[in-house]
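Enquirer:
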Amino acid sequence: MAPAEVIVVDLVLIDGELGMVKLTADGVLEAIEYGEPSRYWTVKKDVLGFVVEGKYIRIKTVVEREEGICCGEFGGDYSRKDFVFEPFSEDAKNRFCFKLRQYLDSLGRPKRLLVFVNPFGGKKSAIKIFEKEVKPLFEDADIQLDVQETKYQLHAKEMVRSMDVSKYDGIVCVSGDGVLVEVVNGLLQRADWQTVFKLPIGVIPAGTGNGMIKSLLDAVGLQCCANSATISIIRGHTRSLDVATISQGNTKFFSVLMLAWGLVADIDIESEKFRWMGSARMDFYAVQRIISLRQYNGRVLFLPAPGFESYGQPTSYRLYKEPPVKALGYQGPDTKFEDVEWREIKGPFVSVWLHNVPWGAENNLVAPAAKFSDGFLDLIVVKNCPKLALLSLMTQISEGTHVQSPYVAYLKVKAFALEPGALVDEPDKEGIIDADGEVLARGRRTYKCEQIALMSYDKLQITVDQGLATLFSPEY
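So the sequence shown is numbered by this note's numbering: it starts at 642 and just counts up by one.
1) Can you tell me the Cα-Cα spacing of L960 and F894, whole angstroms?
2) For F1113 versus G877, is the C-beta distance shorter than 9 angstroms?
3) Can a CB atom of chain B be found closer than 9 angstroms to the CB of S856?
4) When DSSP labels each residue in this structure, what does D674 get in the three-state scheme?
5) When DSSP labels each residue in this structure, what does L995 get in the three-state scheme?
6) Since L1020 and V998 should fall inside the 8 angstroms C-beta cutoff, what is the C-beta to C-beta distance between them, to a whole number of angstroms?
7) My guess is that V653 and G660 are in contact by the Cβ rule of under 8 angstroms, so how many angstroms apart are they, rounded?
8) Tell me whether T1042 is buried or exposed, calling it buried when 16 or more other Cβ atoms sit within 10 Å of its Cβ.
9) To the nearest whole angstrom, what separates the beta carbons of D723 and E705, a pair I think is in contact under 8 angstroms?
10) For A847, I'd like the list of residues in its chain whose CB is within less than 8 angstroms of its CB, leaving aside the five on either flank, ordered along the chain.
11) Find the nearest neighbour of C1090 within the set G1072, G749 and L858, judged by alpha-carbon distance.
12) Express the C-alpha separation of T1111 and T879 in angstroms, rounding to a whole number.
13) How many angstroms separate the CA atom of R680 from the CA atom of C738?
14) With a cut-off of 8 angstroms on the beta carbons, I'd call L618 and Y809 a contact; round off their distance for me.
15) Got a sec? Which residues, its chain only, sit under 6 angstroms from I1103 by beta carbon, not counting five neighbours each side?
16) Return the CA-CA distance between F715 and K792, expressed in angstroms with no decimal places.
17) When the distance is taken between beta carbons, is Q936 closer than 9 angstroms to L1064?
18) Would you list the residues sitting across from E1071 in a DSSP beta bridge?
19) When the Cα atoms are used, what is the spatial distance from V775 to S720?
20) Between the alpha carbons of I710 and S869, how many angstroms are there, rounded?
21) Since L829 and G1016 are thought to touch, with beta carbons under 8 angstroms apart, how far apart are those beta carbons, to the nearest angstrom?
22) Based on DSSP bridge pairs, tell me the residues matched to V693.
23) Ignore the nearest five residues each way along the sequence and tell me which others in E1116's own chain have a CB closer than 6 angstroms to its CB.
24) Counting only the same chain and skipping the five closest in sequence on each side, list residues whose C-beta sits under 8 angstroms from that of T976.
25) Among I784, Y1048, R750 and G850, which one has its Cα closest to the Cα of L1006?
26) Measuring CB to CB, does V928 end up less than 9 angstroms from E985?
27) With H, G and I counted as helix, E and B as strand and the rest as coil, what does DSSP make of L960?
28) Take the Cβ of I590 as the centre, count every other Cβ of all protein chains shown within 10 Å, and call the residue buried at 16 or more, exposed below.
29) From this set, M804, L904, G811 and I812, which residue's C-alpha is nearest A832's C-alpha?
30) So if DSSP puts K792 in a beta bridge, which residue, or which two residues, is it bridged to?
31) Rounded to whole angstroms, what is the Cα-Cα separation between H796 and D667?
32) Rounded to the nearest angstrom, what separates Q889 and G988 at their Cα positions?
33) Quick check: what's the CA-CA separation for P751 versus D783?
34) State yes or no: is the C-beta of V981 within less than 9 angstroms of the C-beta of V1023?
35) Identify every residue that forms a DSSP beta bridge with P728.
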């Protein structure tokens, strides 16, 4: 293979000694110093940006380090390290800067971002994480930021639904998964959703769950850290993501993570009373819920993905479509499932879990076979599970081996309907339906049942729009 064309090459001073810097057309920056091995950087991967400091040029680079620190903590897969050199003339300095800037601009990296910071999520550390870990990296990459702190739940949704987002190259959520979900729903409710929803959305972990960014980073072997997430956004790589439309009559909710009913939903929502414990609240309350196990009557119906037709029993069902209404926003995918056979599984159920991405939280590999944009959702159904087996099963979620349990049905579906019922032992008490970590519906005598939810505790259905969303992602 012929060597790449040299874009610019100059004699320079490096630490006061004569040297040479060279930039090639394939984006390799080389520093040659007398008596020393050459140093190389791939601009696309290693260079955040550069700055002129008097007669010097400072190249701002990142290098991989051997060990990272997990979500929300300081550290990560990369550390900053600068390379500084002195060209021999003003013309040489300007020429090199022009060529390097030209190459960086050709990479399609974001130049201006709308950033939402949720100061209330998780351990309330989002502002600290943003100021110490995130903002300096964006500044090194010369990315302009419009930073908005969310003041209350659904604030981000309200803002993106009405503000001019056309001036941005992407939207970034410094939070757990909640602000991401708000941004998705806000954008899809706009009249111009087809245009604005092309904007890439990025997530930087600063909350309790962090399931989406864990899924994105883990897919390429990176730590779930603010450091790694920020650098992935700077590099500008994207990937598509399925969006699920949950419908009940004319009411819709757009989901990118999960839907849960039964044990998992009860743990997720009712454990909020122990939020001061951080992520440990989930494990603590899970034990309580398993000891006093609830089982729910009901029925799940699904359209199996190819290869999963043996699950459940055949049933007659058609997706119910409301008469067309004059609505401005996205109304869900245009589904055509009239000539396919639906299947059903009847209760009682311990838990029903529908997942769009592999990780539900940074330590919960809920759906190990889930893909970001395959057009399917992963369905996990738990039935007839003894308490001791259930305790063991819950400890296996961190490794994703729970899906191998004989008490678990694990399959892929392209459409889904849920008919939730009451508790087996308490027919006057119903359950909670949880979508993306928030209450979608509350039944009778549930936790905070006096609060109004988006949907009623009744039949709902879910369809999938393959690859509708775009997320900032590591290169894969």
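Backbone N, C-alpha and C fix where the C-beta goes; we use that ideal spot for every residue, glycine too.
The structure presented is a predicted model; accordingly, all values stated were derived computationally and were not measured.
Expert: Looking at the atomic coordinates:
1) 16 angstroms
2) yes
3) Considering every chain present, this structure includes no chain B. It has just one protein chain.
4) Sequence check: residue 674 is Glu here, not Asp. Note: E674 maps to strand in three-state DSSP.
5) strand
6) With 8 angstroms as the limit, L1020 and V998 do not qualify as a contact, their Cβ atoms being about 14 angstroms apart.
7) 6 angstroms
8) exposed
9) The Cβ separation is near 16 angstroms, so there is no contact.
10) Closer than 8 angstroms at Cβ, skipping near neighbours: G713, V758, N759, G762, G763, S766, A767, I770, F771, V815, S816, G817 and A867.
11) G1072
12) 6 angstroms
13) If you take the alpha carbons of R680 and C738, they lie about 19 angstroms apart.
14) In the structure displayed, the chain extends from 642 to 1117; residue 618 sits before or after that span and is not available.
15) A885, I887 and F1057
16) Residue placement at F715 is poorly supported in this model, since its pLDDT is 48, which falls under 50; the coordinates still yield a value, given next. Roughly 25 angstroms separates the two Cα atoms.
17) yes
18) In the DSSP output, where bridge partners are listed per residue, E1071 has none listed.
19) 13 angstroms
20) With a pLDDT of only 42 at I710, under the threshold of 50, the placement of this residue in the model should not be trusted; the figure read from the coordinates follows. Roughly 10 angstroms between the two C-alpha positions.
21) At roughly 18 angstroms, the Cβ-Cβ gap does not stay under 8 angstroms, so L829 and G1016 are not in contact.
22) I698
23) Once the five neighbours on either side are set aside, the close Cβ partners of E1116 are H878.
24) These residues qualify, in order along the chain: L960, A1056 and T1104.
25) G850
26) Against a cut-off of 9 angstroms, the Cβ pair of E985 and V928 comes out as no contact.
27) Of the three classes helix, strand and coil, the one that applies to L960 here is coil, per DSSP.
28) Any question about residue 590 goes unanswered here, given that the chain covers just 642 to 1117.
29) M804
30) Secondary-structure assignment with DSSP links K792 through no beta bridge to anything.
31) 44 angstroms
32) 21 angstroms
33) Their backbone Cα atoms lie some 10 angstroms apart in a straight line.
34) no
35) V653
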